[in-house]
Amino acid sequence: MSVIKVLLVDDEFLALNLLENYVEQIPGLEIMDKVKCPLAAIDILNQGKTDLLFLDIQMPTLSGINLLKTLKNKPVTIFTTAYSEHAVEAFGLDAVDYLLKPFSFERFLQAVNKAKEQLKKYHLEVSHIGKNTVNANEGFLSIKADSKLIKVLHRDIMFVEGLKEYVRIITAEEGFVTLMSLKELEDILPQDKFMRCHKSYIVNVTKVKSVEGNLLHLGNRKVTVSRDKKSEIVQRIFG
Numbered sequence: 001m002s003v004i005k006v007l008l009v010d011d012e013f014l015a016l017n018l019l020e021n022y023v024e025q026i027p028g029l030e031i032m033d034k035v036k037c038p039l040a041a042i043d044i045l046n047q048g049k050t051d052l053l054f055l056d057i058q059m060p061t062l063s064g065i066n067l068l069k070t071l072k073n074k075p076v077t078i079f080t081t082a083y084s085e086h087a088v089e090a091f092g093l094d095a096v097d098y099l100l101k102p103f104s105f106e107r108f109l110q111a112v113n114k115a116k117e118q119l120k121k122y123h124l125e126v127s128h129i130g131k132n133t134v135n136a137n138e139g140f141l142s143i144k145a146d147s148k149l150i151k152v153l154h155r156d157i158m159f160v161e162g163l164k165e166y167v168r169i170i171t172a173e174e175g176f177v178t179l180m181s182l183k184e185l186e187d188i189l190p191q192d193k194f195m196r197c198h199k200s201y202i203v204n205v206t207k208v209k210s211v212e213g214n215l216l217h218l219g220n221r222k223v224t225v226s227r228d229k230k231s232e233i234v235q236r237i238f239g
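The opening residue of the sequence shown carries number 1 in full-length UniProt numbering; numbering runs sequentially from there.
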């Protein structure tokens, strides 16, 4: 498995430093960011690049419990807190572990190993889903998002945004972040309906209502089209 990208969230400076020290001792873990503000954490998490989240519970503005509830696509999460009374609710949100402060490095490592097993299982499931998706061309994708298997109809997809090793699939109603490269998805989607319009986007050409400059208008959403793709996509849409 590739490097596990870690986000640390705790409103206490000393707690963040301890987490950072522990993470740096474990090969294969990489701290992508550490923040004290839960609202800043939401912005980072919504980018869909976090594999493992260490999350404090008692924080001003927004508790860790409520923060996790706001996320559609939750990363593997380990709660860190000085209070034991939140454990039931935390595990109800599918947290892999619940670390009571103060905790030792050995206890921390035990939690990380649980998280690694969960991530390994997730990657195997996604790999399996990918194989099924390639073989199944009956008008839908099967993806893993937010710990669920989700069926997404081709006709419902407006566009897809690439996020390095992840993609964000946008429909009229919602969006899903799943582990797959944009190139992999481009090879799967039917070419008569979908086109790579930019290095970061695939668009459903049947959803494009108008073209203005370097922007494609899809209802209330806009997608960038690269200069070298514009004439081709205009021809595809308007003939």
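Yeah, the Cβ is synthetic: ideal placement off N, Cα and C, and Gly gets one too.
Complete alpha helix (DSSP H) runs within the UniProt domain "Response regulatory" (5-116) (minimum length 4 residues, chain order): Listed in chain order, they are 13-24, 38-45, 64-70 and 87-92.
Beta-carbon gap between LYS151 and THR178 smaller than 7 angstroms: Between LYS151 and THR178, the CB-CB gap reaches or exceeds 7 angstroms.
Residue from LEU141, LYS209 and GLY219 whose Cα sits closest to the Cα of GLU184: LEU141
Uninterrupted beta strand (DSSP E) stretches inside the UniProt domain "HTH LytTR-type" (141-239) (no shorter than 3 residues): 148-153, 157-163, 166-171, 175-179, 194-198, 201-204, 210-212, 215-218 and 221-224
Spatial distance of LEU7 from PHE54 (CA atoms): LEU7 and PHE54: Cα-Cα distance of roughly 6 angstroms.
Supposed close pair CYS197, LYS229 - CB separation, criterion 8 angstroms: 5 angstroms
Pick from LEU19, GLU24 and GLY28 that is closest to VAL3, judged by C-alpha positions: Of all alpha-carbon atoms in LEU19, GLU24 and GLY28, the one lying nearest the alpha-carbon of VAL3 is that of GLY28.
Nearest-angstrom Cα separation, counted from TYR22 out to ARG107: Approximately 11 angstroms, taken between the alpha carbons.
Cα-Cα separation between VAL205 and PHE176, rounded to whole angstroms: 20 angstroms
Option nearest ILE237 by Cα separation, candidates LYS148, THR224, VAL203 and ILE65: Cα-wise, what sits closest to ILE237 is VAL203.
Check whether VAL76 and ALA115 have beta carbons under 7 angstroms apart: yes
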